[in-house]
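Let me begin by presenting the structure, written as C-alpha cells, before commenting on it.
Numbering (the numbering used here), first residue to last: 4 to 116.
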C-alpha cells in the first residue's frame, strides 16, 4: 500500500513539475518576438557584426553603416529595435529559453561557414 501511495505522489509531483515548466513559457508577455524570430534576428545581427569587424573602415564610417545594417535586419524581420530590445530583456530573464535561442544561433552561424 505504501508503495502505491508513493508512486501516486511521485506521479502527481512529476505532472505538476511539467505543467509548472510549461506555464513559465506561457507567461511571456505579448508583443515580444517568438523564439524562432529571435533566433533569426540574432543570427543576422551576428553576421553583420562579423562582417563589420572584418572591414577596415574608420569608426566614423562603421557606426552609420552598422546602424543602417541593423535597420535593414529589423525591417527584414518586420520588427524594430524597441521590440527586439524588449524581447531580449524578457528572454534573458528566462535563462533556459535564452540558452536554447543562443544554441540555435550558434548552430546556424556554424552552418554558414
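Glycine included, C-beta positions come from ideal geometry on N, C-alpha and C.
- Residue 35 and residue 97 have their C-alpha atoms spaced approximately 13 Å apart.
- Residue nearest to residue 80 within the set 46, 33, 115 and 67 is 46 (criterion: CA-CA distance).
- DSSP places residue 68 within a helical segment (H, G or I) once states are collapsed to three.
- One alpha carbon belongs to residue 100, the other to residue 49, and they sit about 19 Å apart.
- Residue state for residue 109 is assigned as helix, using DSSP reduced to three classes.
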